[in-house]
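Data first, discussion second: the structure below is written as structure tokens.
Number of protein chains: 2
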Amino acid sequence: MFKTTVLPTPKFTKTVVQDNRTDGYWIETFWVDPNDKVPGLIGYGLATGDICIFDNPINGGPKATDGAGWRKITVKTFNSPVAVVTADCAGNCRKDIIACYDYGPSYLNCNQSGGNISWLENPGRQGPNGEVPGDWKMRYIGRWPAMHRLKAGYFTQKSILEVIAMPVVHGPQDIETPVPVILFQKPEKSLDAIEWTRSIVDDEHFSIIHDGVVKRFDGQNGRDSLFIASREGINWLYWENQEWKIEHINDGMPKEAGKDYYGSACVDVGKTIDDPAAYIATIDPFHGTTVTFLTKDKTGPVSSKWIRNVADVYGDPDQLKLTGTGPGHYVVTGDFDGDGVDECLVALFGPAPYEGVYYYKPIDLEKGVFAKWKVADEPAGRIAIGDFSGDGKLDFATIVYNVPLYYEGANPKIYLYSNDFCAAAYTPEPQVVSTVWGGEPLFYLPRPTEIKTPTTIPLMELAGYRIELEILPPNWKLTTLTADPIKVLFGALYDGSIVRRALNVPQYEKSDARLTGGPIETKKEGVIFLRFISTMDPSERNWKEAKDVPVKSLLEFSYQQLQLPAPLKFTRVDELAWGGGFPGVEFYNMSGIDFRFLDKTELVHVQFWTAAKDVNCGVHDHDDKIFLEVHLCLSEGTGNGGMWRVKPGVVVDPDHPNDVDPKDFITLPLAAGEQHGGMWDRDTYDKPMYRENGTPDYPWHKWQAGNTAESIDVWTAFEFNPKLDY
Amino acid sequence: MFKTTVLPTPKFTKTVVQDNRTDGYWIETFWVDPNDKVPGLIGYGLATGDICIFDNPINGGPKATDGAGWRKITVKTFNSPVAVVTADCAGNCRKDIIACYDYGPSYLNCNQSGGNISWLENPGRQGPNGEVPGDWKMRYIGRWPAMHRLKAGYFTQKSILEVIAMPVVHGPQDIETPVPVILFQKPEKSLDAIEWTRSIVDDEHFSIIHDGVVKRFDGQNGRDSLFIASREGINWLYWENQEWKIEHINDGMPKEAGKDYYGSACVDVGKTIDDPAAYIATIDPFHGTTVTFLTKDKTGPVSSKWIRNVADVYGDPDQLKLTGTGPGHYVVTGDFDGDGVDECLVALFGPAPYEGVYYYKPIDLEKGVFAKWKVADEPAGRIAIGDFSGDGKLDFATIVYNVPLYYEGANPKIYLYSNDFCAAAYTPEPQVVSTVWGGEPLFYLPRPTEIKTPTTIPLMELAGYRIELEILPPNWKLTTLTADPIKVLFGALYDGSIVRRALNVPQYEKSDARLTGGPIETKKEGVIFLRFISTMDPSERNWKEAKDVPVKSLLEFSYQQLQLPAPLKFTRVDELAWGGGFPGVEFYNMSGIDFRFLDKTELVHVQFWTAAKDVNCGVHDHDDKIFLEVHLCLSEGTGNGGMWRVKPGVVVDPDHPNDVDPKDFITLPLAAGEQHGGMWDRDTYDKPMYRENGTPDYPWHKWQAGNTAESIDVWTAFEFNPKLDY
């Protein structure tokens, strides 16, 4: 079931979103309207300063005539805008754009009075064809010189929008003073407010903050947290017990004498199915050269340290001097191949050959091993991710980095790279898991209500039946089932007028376990059941001895290293630890299969039995076992074998229960495909009644083989968990 | 390389250590003398009170005549001894025995003045045949009523022995008051001391402590820590910042109204190769029924919560009422199958069928999935583990539980179960790991000094050679090598009188890379090298075009899901991104293979090239690359091709370096199997000299194909990392 398949080579098809630009810096995923089918983009350059949205043509409306039809709307022109972040500031459920600007020519020569932050109100799709007007209304939030990155979230509480603003440096010509990380909180009257209230997250620890990323973890009570990439490496900031906590993750690039740039510059966090922060991807240091993956080395029950794995060092000799000239400018994680594990994209702005986008996939995080592919050749300064194609797969878009006087990439454009290789987006659905359990297979099953698609698990061929486990989700219809016996283990299966449940055959009665052959369906509970698919004419089921009964395992364990310690076979019970009371008796057992739910709750244990003509399988009342047992006959080889129970009122000597006279039994012969209702006593709610020692209260009973034919009986016993609500 | 193989079925051979006992409670691994080959055992019963050691017959000396020859020595007889722990109290490097006794008839009726703790001085092997005398000298440590478990270690510091003593209850008829967990510290004059100094670890949190386990983790600065199993479930106690910290791991069995027993009773911690506390095995509650495995569910970058996975519920109906009657009494973890991952043994004392020892192996800890086998049928109250057979594999020993008036197991004996299925004990040795890296294979290699056995990795068949990577550990000899070319990548290979290193061919010179065919050896540095095993007569290496050169990958990735995105092949360089300067030139590249160390440090990047007659492969000086390049010729198809370098003093126009007149070059033709010394300039220590831009200083040079034959040249380029000390 957990087969290894070769990973597809990641492939993305390039189209042009915007063909002619004079510069390029930022690209961001942007939902113009929350009801849009797909997201659009925000893109702009530092020099031109036109904050533009690019309306995704898949959302309809007029298309642009150039490129792939993405319509450009200029929403505001700023002097040197650096970062944007999108969040609903107006309170109308649409994303507005928050921007910082008035940066100045460079961070060393930043505008001492600049670093303004304002929000631009998204007017929504107002035109007859859903056009969005330009020139959005602007309102002020606050400022600090050299403002460089904005992050929106709910950091100190989970009710009111907050924006964390990070200047790259403290001010002009000052790369040493720790910068203020400022939290702005959205005011109630955001449309009228003069500015937003602010507080300092930290102004003691971080210098040259290049970027950060917001992540929300289960352990944080719904609050967001922030990873910062700065000269101090990677630090994780989160609010707890009414204060900001800083967890130092890694130093990043070690400090070298005489070099201004060390630590880290870019950061994102990669998740796996089991770990929301399985690895951290970085580029080190500022406008860096070095792609690293931080992975965890466990040091104790609840502790681990982060190991820095250098993946690649990119750059020409000048860049390798670490003077802040590139080429690495952005990392972002996302599940592009749909396996539930985040890959990582790294943007290189150039020069060649250090340009394009590399795709890294974690292969073995315990060893810090990744695989790498190049997925875009055009130089990229930044990456936006989203399902821009609307096909459920994660795409990405890039902008060529062109900041005049710093690094001027040729032919600045905006590109879309559409995911061409992912089979389907990840949809977590619990899977059946099987293991070895003391000589038996043990299956952990999802509850039917947890799945959306049916599952079939072959178990074995036995006595001319192919036995399969089937799980059907709620409200499912099947028309292909034949008139074979089935046994519901959990939930309910509707077969025309009959509702079949695990334990709904009345006490002392029997019922035909065969389907009618017509359509079946499930309702809100779904169903787990065994199918006994007949592969043999009933007349051929005339085995004289247990060893003649065909048995073949169809088991495939979830883990390829597992196998049963011995093959499935019938064993005469006098060879079993408990079978001393049956010396020489032709009474055989094959145990068995255990079924539990994925949360480890016991569902049912199944065993198989045979008995020859006239064999008494032992009168008992299950006073040593806590289970609800029912039987399904697979072959009535002895003609009239089945369940015998002692008549009410007959006194049974518990030390010699087999002394009861045959005439003192009530018989219930079972033919192939027939099951009986469990014999335990029930209360008026049909729930089991228990003895003082906690065992369900059964009458004395046994399987008694018949005496009208010469072959052997074969039957199945189901031992259900009384604590479960079937 | 990481092939899935089916797990062996765990098998242990039973022998009897002690045949006839009247009761049984404790068993413990005990090294009689630190120089013994194998450990022995301590065993005793609560009622008889004879603390006995069982001397392992493998250590020599007189053997007992019964059973497997384990000689019994009674070291002290106590009234109701409960626990022992072994540690060096006398200061002579031998393990002494610390015991608690005077328990009383039961914990409810415990001796209010009892719970004494003393240590018994191990006299060592004094007899002529190594016999150990009995009746050991006893010295007092301290006491508390109902003293029940002792743990030795270094808990609050790492210099002086400490013993943590845990009473099961606070005193007679009192199961509610939290018990004092007491730390005793060994006095300097332990032979003369009246008692040991004591302190309270905790007397607020724990009731009905049944057991605990000591673990030392890397994160604890050499200090031990303690897991306690009590009604409060599993708690981890450790000393940090001069105080005891308690980390609550799990509640264990939930509290039910009217029941005295809940929480946990037994605990051990399982490690994997990557996690020292990957899972916690428990039996819940006191004299319990329920085996659980606690596994981690990650909730954030540095946080996880423990998930309680119920593995099995054992017990007859009375035991399932949770009144403290069993059958589960002990869990212990250990790596029995030698894969570096701990399995877990669970002891069940009975009654049948709830008796024996079950072996659980973690299969998928992220899902909480284990596999289970039964490995001992005899009832077991407690388990001792160790390599009692002296074969390097982990064995275990058990004692039948027989405590009069509580639970009296039949035929109390001590059994040894010898490991019969483990191939070899786990010896961690770093393995080569390979992944895909942007179209190339990337190999992470152990340093030769990290390995003890040689490794050979097939890479490819190319140009009539089979190319293999070989790593030899230090001080290794090989006599089987033929006279094929090799290229040392790291370390040194001694071939008779020649020492071959990665970069030790002198500048501008050439050298024969072929071995002499005699024995080779490594010294203290070991070696990593490529072998070019000739599979073709040199006369057949006469390809007219690059496409004729045979190329076949022999790569097997460490991870079965990986494959190269495209097959290995030669590509004409004018089809490559950088090859625009070679339009139509019969000059081909096949890139390549990257080799790094497991710590991710770059070792060398290897490429392959071909050129046809008269082809100028381009004059260059590597001013854009930081590597140390050398070449090894595989076929001199053009007759006299090889390295040409511009004569000293000739002025080269950096914009037109190919304009240099052929007569201004110094030529160094290379025949198949010849390599040249890297052309970069070196200082007087033979270290590379660098240009201002950080690149090694090379003269202008090129590969120039020859003009005396009509086939093509094939050669290999090695790009070494200048920062590495080869």
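Residue numbers (UniProt numbering), protein chains in the order written: chain A, 1 to 726; chain B, 1 to 726. The beta-carbon is built from N, C-alpha and C at its ideal position, and this holds for glycine as well. Computed from a predicted structure; not experimentally measured.
Inset, instruction - Report yes if the CB atom of residue 90 of chain B is closer than 8 Å to the CB atom of residue 191 of chain B, and no otherwise. - result: Taking 8 Å as the Cβ cut-off, residue 90 of chain B and residue 191 of chain B qualify as a contacting pair.
Inset, instruction - Express the C-alpha separation of residue 97 of chain B and residue 152 of chain B in angstroms, rounding to a whole number. - result: One C-alpha to the other measures close to 11 Å.
Inset, instruction - Can you say whether residue 730 of chain B is buried or exposed, counting buried as having 16 or more other CB atoms within 10 angstroms of its CB? - result: For chain B, the structure presents residues 1 to 726; residue 730 of chain B sits outside this window and is missing.
Inset, instruction - State the Cα-Cα distance for the pair residue 1 of chain A and residue 104 of chain A, rounded to the nearest angstrom. - result: Confidence at residue 1 of chain A is low in this model, with a pLDDT of 39, below 50, so the placement of that residue is unreliable and no value is reported for it.
Legend entry - Residues bridged to residue 266 of chain A [DSSP beta-bridge criterion]: A:283, per the DSSP bridge assignment.
Legend entry - Any C-beta of chain B under 8 Å from that of residue 559 of chain A: Closer than 8 Å to some Cβ of chain B, the Cβ of residue 559 of chain A qualifies, so yes.
Inset, instruction - Could you say which of A:462, A:160, A:506, A:448 lies nearest to residue 490 of chain A if we only look at CA atoms? - result: Distance from the Cα of residue 490 of chain A is smallest, within the candidate group A:462, A:160, A:506, A:448, for A:448.
Inset, instruction - Using three-state DSSP, classify residue 637 of chain A as helix, strand or coil. - result: Note: residue 637 of chain A maps to coil in three-state DSSP.
Legend entry - residue 587 of chain B: first and last residue of the uninterrupted beta strand (DSSP E) it sits in: Judged by DSSP secondary structure, residue 587 of chain B falls within the beta strand (DSSP E) whose first and last residues are 587 to 597.
Inset, instruction - Can you grab the Cα-Cα spacing for the pair residue 321 of chain B / residue 653 of chain A, in whole Å? - result: Distance between the alpha carbons of residue 321 of chain B and residue 653 of chain A: 26 Å.
Legend entry - Beta-carbon proximity list for residue 405 of chain A, same chain, < 8 Å, skipping 5 on both sides: So the qualifying residues of the chain are 105, 106.
Inset, instruction - Could you tell me if residue 225 of chain B is buried or exposed, where buried requires 16 or more neighbouring beta carbons within 10 angstroms of its beta carbon? - result: With at least 16 other beta carbons inside 10 angstroms of its own, residue 225 of chain B counts as buried.
Inset, instruction - Quick one: using the 10 Å Cβ neighbour count with 16 as the cut-off for buried, is residue 485 of chain B buried or exposed? - result: Counting C-beta atoms within 10 angstroms of its own C-beta, residue 485 of chain B has 16 or more neighbours from the protein chains shown and is therefore classed as buried.
Inset, instruction - Could you pull the start and end residues of the beta strand (DSSP E) that residue 236 of chain B belongs to? - result: In the DSSP assignment, residue 236 of chain B falls within the unbroken beta strand (DSSP E) covering 233 to 240.
Legend entry - Within-8 Å CB hit, residue 578 of chain B to chain A: At a cut-off of 8 Å between beta carbons, residue 578 of chain B contacts chain A.
Legend entry - Where residue 577 of chain A falls, given that 16 or more other Cβ within 10 Å makes a residue buried: It is exposed - the Cβ of residue 577 of chain A has fewer than 16 other Cβ atoms within 10 Å.
Legend entry - Proximity test, Cβ basis, 8 Å: residue 289 of chain B and chain A: For residue 289 of chain B, no Cβ of chain A is located within less than 8 Å of the residue's own Cβ.
Inset, instruction - Tell me, please, whether the CB atom of residue 19 of chain B is closer than 8 Å to any CB atom in chain A? - result: Judged by the 8 Å Cβ criterion, residue 19 of chain B is not in contact with chain A.
Inset, instruction - With DSSP collapsed to three states, give me the class of residue 666 of chain B. - result: Strand.
Legend entry - residue 441 of chain A - containing beta strand (DSSP E), residue span: Residue 441 of chain A -> beta strand (DSSP E) spans 440 to 445.
Legend entry - Beta-bridge pairing of residue 574 of chain B - partner residues as DSSP gives them: Note: residue 574 of chain B sits in no beta bridge, so no partner.
Inset, instruction - Return yes when the Cβ of residue 721 of chain A is within less than 8 Å of the Cβ of residue 604 of chain A, no when it is not. - result: Yes, these two residues count as a Cβ contact at 8 Å.
Inset, instruction - Flag residue 219 of chain A as yes if its beta-carbon sits less than 8 Å from any beta-carbon of chain B, otherwise no. - result: It does: the Cβ of residue 219 of chain A has a partner Cβ on chain B nearer than 8 Å.
Legend entry - Separation of residue 201 of chain A from residue 246 of chain A, as counted between CA atoms: Each residue's CA atom was taken as its position, placing residue 246 of chain A and residue 201 of chain A some 10 Å apart.
Inset, instruction - State yes or no: is the beta carbon of residue 371 of chain B nearer than 8 Å to at least one beta carbon in chain A? - result: For residue 371 of chain B, the answer is yes, since a Cβ of chain A falls inside 8 Å of its Cβ.
Inset, instruction - Let me know the beta strand (DSSP E) ranges lying completely inside the region 326 to 402 of chain A, each 3 residues or longer, listed in chain order. - result: Here the runs fully enclosed are 328 to 334, 343 to 349, 355 to 364, 369 to 376, 382 to 386, 395 to 399.
Legend entry - Residues near residue 546 of chain A by beta carbon distance below 6 Å, same chain, minus five either side: Cβ neighbours of residue 546 of chain A beyond the five flanking positions: 570, 588, 610.
Inset, instruction - Show which residues of chain A have a CB atom less than 8 Å away from the CB atom of residue 565 of chain B. - result: Going along chain A in sequence order, the residues near residue 565 of chain B (Cβ under 8 Å) are 9, 373.
Inset, instruction - Report yes or no: is there a C-beta of chain A within less than 8 Å of the C-beta of residue 300 of chain B? - result: So, interface residue.
Inset, instruction - Can you give me, in chain order, the residues of the region 346 to 365 of chain B that have a beta carbon less than 8 Å from any beta carbon in chain A? - result: Hits within the stretch, in order: 352, 353, 358, 363, 364.
Inset, instruction - Would you kindly work out how many angstroms separate the C-alpha atoms of residue 114 of chain B and residue 233 of chain B, rounded to a whole number? - result: Their Cα atoms are separated by approximately 27 Å.
Legend entry - Three-state secondary structure (DSSP) of residue 408 of chain B: DSSP places residue 408 of chain B in strand when its eight states are reduced to three.
Inset, instruction - Identify whether residue 28 of chain A lies in helix, strand or coil by the three-state DSSP scheme. - result: In the three-state scheme derived from DSSP, where H, G and I count as helix and E and B as strand, residue 28 of chain A is classed as strand.
Legend entry - Cβ neighbour criterion (16 or more within 10 Å) applied to residue 410 of chain A: By the 10 Å Cβ count, residue 410 of chain A comes out exposed.
Inset, instruction - Pick out whichever of A:147, A:195, A:25, A:494 has its Cα sitting closest to the Cα of residue 102 of chain A. - result: Of A:147, A:195, A:25, A:494, the smallest CA-CA separation from residue 102 of chain A is found for A:147.
Inset, instruction - Pull up the DSSP beta-bridge partners for residue 299 of chain B, would you. - result: Residue pairing from DSSP leaves residue 299 of chain B without any beta-bridge partner.
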